[in-house]
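First to last, the sequence lines map onto chains S and L. Each residue of the first sequence is one higher than the one before, starting from 1 at the first, in UniProt numbering. Each residue of the second sequence is one higher than the one before, starting from 1 at the first, in UniProt numbering. Positions of the beta carbon are idealized from the N, C-alpha and C atoms, including for glycine. Only a predicted model underlies this, so the values are computations on that prediction, with no experimental measurement involved. Working notes, structure below.
There are 2 protein chains.
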Amino acid sequence: MEDLIAALPDGRVLTDPDVTESYARDRTFVPPGRPLGVVLAESRDEVVTTMRWATEHRVPVVPRGAGTGLAGGATATDGCLILSLARMTRIRELSPQDEIAVAEPGVITADLDRAAREHGLMYAPDPSSYEVSTIGGNLATNAGGLRCVKYGVTRDSTLGLEVVLADGRIINTGRRTVKGVTGYDLTGLFVGSEGTLGVITAATLRLRRAPAELATVAAEFTSLRDAASAVSAIIAAGCNPSLLELMDRTTLEAIDEWKNIGLEPGTRAMLIAQSEGSADQMAKLCEAASFVAVSSSPEEADELIGLRRLAYQAKERLGQCLVEDVCVPRSVLPDMISTIEDVAARHGVKIATVAHAGDGNTHPVFIFERGLAEPPPEVWAAADEVFRAALALGGTLTGEHGVGVIKRRWLGLETGPVVTEIHQGIKQVFDPLNILNPGKAI
Amino acid sequence: MEDLIAALPDGRVLTDPDVTESYARDRTFVPPGRPLGVVLAESRDEVVTTMRWATEHRVPVVPRGAGTGLAGGATATDGCLILSLARMTRIRELSPQDEIAVAEPGVITADLDRAAREHGLMYAPDPSSYEVSTIGGNLATNAGGLRCVKYGVTRDSTLGLEVVLADGRIINTGRRTVKGVTGYDLTGLFVGSEGTLGVITAATLRLRRAPAELATVAAEFTSLRDAASAVSAIIAAGCNPSLLELMDRTTLEAIDEWKNIGLEPGTRAMLIAQSEGSADQMAKLCEAASFVAVSSSPEEADELIGLRRLAYQAKERLGQCLVEDVCVPRSVLPDMISTIEDVAARHGVKIATVAHAGDGNTHPVFIFERGLAEPPPEVWAAADEVFRAALALGGTLTGEHGVGVIKRRWLGLETGPVVTEIHQGIKQVFDPLNILNPGKAI
């Protein structure tokens, strides 16, 4: 460690265990190991220095943004070095003409969005955590969000990357153009690789024209399945929503207890939908709703969507959370929702569900007692059933949170042994010493 | 070869050199080698049989669709086996609810689009060749097209793949859902890999809602640079065109000679633009035009766009063609266009340019004498300058055609030595015996 401390500017390396501990976790219960130290990198060259040192000394490196991950991907392991990119906060370039930005990994997602808005543009991907999460973390997990239903996920907005490899070499992948097919798609490969293939030190990101006017629908339902069916109907009718979110009763109660939203006793679910132009057709397709309101006020919309973004924090007030992330084809969303309700009842587990419903991406949050080191057996049993049901419905284990450590146990069910072998082979190409976030993602 | 003939159903293997020769080329001048034979595979299992045999006997395999490639990617090499997927033409599934189709590689691109239209949907990627090119070829090159400016390229429409590996093992990558982050993005890696990593035997493709009404603008300019500047203005104003094409005088003359379109003597360039709803703002931004017409008639639009799609065939009437494919950031399209004009003049080379201008993707077509085995030195010199200019402008060597064999000479200029090493490492993971389309793409 002395070599590393000497090689970097003063103040970049933290080794006091009381301090480093606060960098060792993400937002999950996953118990961290004890790191050797934390590097607070401020530039690409400091990342290079760090990775060269790590390669020389065979020290595992856990890259990290804001630590808002929900799969354990940024959890420290014993004897690792934590490499925080949170101080690399420069937006190196923002070109309104070409509708691109070049951002460093520590830029807060919403800050990039705000910078783009000054030019009538937006950065579309918006995970619920986007006021605190970083571009680097979003790239690591290929983060989704509320606007993905129309604009796609982080990978869809990523044109090129600057990456420091495990041995400290620098590569540039991709391009600044909207199209390009030179060589294999390394950009897409790094996005979603959860820090196991390289350390991203800058990303060329696509911006999009910000929509001028959005109409918002809020609809309450006395049955969760009815709400899910309305989602399927809205998609099937081709309404092209720019946001389509679902919250179940347990979620609404958690928000109500905290923010007092005046939840009606019979309400079992709420849908929030948004689209450019008129939202009348979507409102009409919520025919089973007990209450429907359409608004074109941006303030009302922000308030409503703000409540949705608080859902996870509201649930954390109820206990510890295992936040899950299954995604199914949109036509079978009602079946997935029914299965989750059924699993909760049979296992006696409290599950609060929110969904990026327009994507078929459901977040069942399994709530368990505070103080427990990890979820109790009935929660794992319930989660196992939910995962298997999602796969049986043609879905996937994780729509946007990543595999991290939490879902590695189930990974083989989705990918199979040959793909597992290919994953390991690719990992070996980029990181032959296995020092980049070992034990995660694959 | 006897083993292979015995292992496959009757009629699947062609060995007569007079017959196999017609499968040995793509649409380029690249001189083919002499193949051992051609397999006309009709199913995934026949592909498996073929690849097992190729692995056992260390025979290079050149996968092939309709042979409309423009980079030499499907050119036969001496002693190779050509594996045609053109007979695998089943659309295995088309789900209007989930807006996906599962198509085999031999499906003609426009046929898939037509099948989707029956449900109010479309398959968006539409290379100019889409009435004859196949989904498999489109996937191999990550093909673009006219509608990409709004809907993205082939990779953006690909959710999952069924792939036969070099040794005959089968994997499924990706998903049926619109989101998913389980494991590395192998789907994106196979798309655009030009048959060097595996043989795609089915693809789960995203369909999109077909637009209800499109308005079309046609504008003529007395200067090519003015037309390119109008493109930049249209993009910068956020018009969100669903098509934005540019043709230069040489292209228009070639079409005029063939189809007699009544080309005005002073016209140096034509823009065709389309958007949902109104096209008035785009028409207004063509302020430097000598003639502008706006139409909402689908028949007129089809006729106009049909002429654009004929551009390449029209140029083939003038001589042999080296069709290039540089893509630059959209703000510098006028500079790229001026450079191409300047290079043509200085080298005394006839270059006819069309562009998917809304993407900054330019196709300068270098026309040279029929009968020559390959482009003469001045054509290569001119092309070299165009490639280097595109890179200097922040662009890429190939927007949508792929590297094939033609652009391998320049590849290192764009990717650099470390990326080249990574490409080779990835190739080794998938194809350790180097039997899949060796000598292409990377």
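In the same chain as Gln424 of chain L, and ignoring 5 residues on each side of it, the C-beta atoms closer than 8 Å to its own belong to Ile442, in chain order. The alpha-carbon of Ala289 of chain L is positioned some 12 Å away from that of Val231 of chain L. Ser95 of chain L is bridged by DSSP to L:Ile100.
For Leu322 of chain L, the three-state secondary structure derived from DSSP is strand.
Judged by DSSP secondary structure, Asn172 of chain S falls within the beta strand (DSSP E) whose first and last residues are 170-174.
Look at Pro17 of chain L here: in three-state DSSP terms it is helix. Under DSSP, Gly37 of chain S forms a beta bridge with S:Leu81. Distance from the CA atom of Ala219 of chain L to the CA atom of Arg176 of chain S, rounded to whole angstroms, is 28 Å.
About 14 Å separates the CB atoms of Gly399 of chain S and Val332 of chain S; that is not less than 8 Å, and the two are not in contact.
Approximately 6 Å separates the beta-carbon atoms of Ala237 of chain S and Leu285 of chain S; this is inside 8 Å, confirming the contact. Identification of chain L residues near Asp156 of chain S by a Cβ-Cβ cut-off of 9 Å yields Gly152, Asp156, ordered along the chain.
Under a criterion of Cβ atoms nearer than 7 Å, no residue of chain S is adjacent to Arg92 of chain L; the nearest Cβ is some 14 Å distant.
Beta-bridge pairing by DSSP links Leu436 of chain S to S:Val61. Judged by pairs of C-beta atoms under 8 Å, the segment 142-156 of chain L does not touch the segment 379-398 of chain L, as fewer than three such pairs exist. Counting C-beta pairs with one atom in each stretch, the segment 363-374 of chain S and the segment 340-352 of chain S have three or more that are closer than 8 Å, which means they touch. Nothing from the segment 284-311 of chain L brings a Cβ to less than 9 Å from some Cβ of chain S.
Sequence-ordered contacts of the segment 324-337 of chain L with chain S read Cys327, Val328, Pro329, Arg330, Ser331 [C-beta pairs closer than 7 Å]. Distance from the CA of Leu243 of chain S to the CA of Gln274 of chain S, rounded to the nearest whole angstrom, comes to 5 Å.
Within the segment 132-204 of chain L, the alpha helix (DSSP H) runs of at least 4 residues that lie entirely inside it are, in chain order, 135-141, 148-151, 186-190. At a cut-off of 8 Å, the C-beta of Ile435 of chain L has no neighbouring C-beta in chain S. Closer than 8 Å to the CB of Asp113 of chain L there is not a single CB belonging to chain S. Within chain L, the residues whose beta carbon sits less than 9 Å from that of Glu400 of chain S are Lys179, Gly180, Val181, listed in sequence order. The alpha-carbon separation between Ile255 of chain S and Ala311 of chain S amounts to approximately 6 Å.
The Cβ of His423 of chain L sits closer than 8 Å to at least one Cβ of chain S.
For Ser128 of chain L, no chain S residue has a Cβ inside 9 Å of its Cβ, as the nearest lies near 14 Å away. Taken through DSSP and simplified to helix, strand or coil, Phe291 of chain L comes out as strand. Under the DSSP assignment, Ser338 of chain S falls outside any beta strand (DSSP E), being part of the alpha helix (DSSP H) whose first and last residues are 333-347.
Contact between Val47 of chain L and Ala41 of chain L holds, since their C-beta atoms are separated by about 5 Å, short of 8 Å. Identification of chain L residues near Leu397 of chain S by a Cβ-Cβ cut-off of 7 Å yields Thr182, ordered along the chain. Only Asp359, Gly360, Asn361 from the segment 352-369 of chain S bring a Cβ to less than 7 Å from some Cβ of chain L. The DSSP-derived three-state label of Thr251 of chain S is helix. Between the segment 69-89 of chain S and the segment 402-409 of chain S there are three or more inter-stretch CB-CB distances shorter than 8 Å, so the stretches are counted as touching. Remark: C-beta atoms of Leu307 of chain L and Phe368 of chain L do not approach each other more closely than 8 Å. Using beta-carbon distances, Cys80 of chain S does not count as an interface residue toward chain L, since no partner is under 8 Å.
In the three-state reduction of the DSSP assignment, Thr28 of chain L falls in the coil class, being assigned neither a helical nor a strand state. The C-alpha of Ser95 of chain L is placed about 27 Å away from the C-alpha of Ala269 of chain S.
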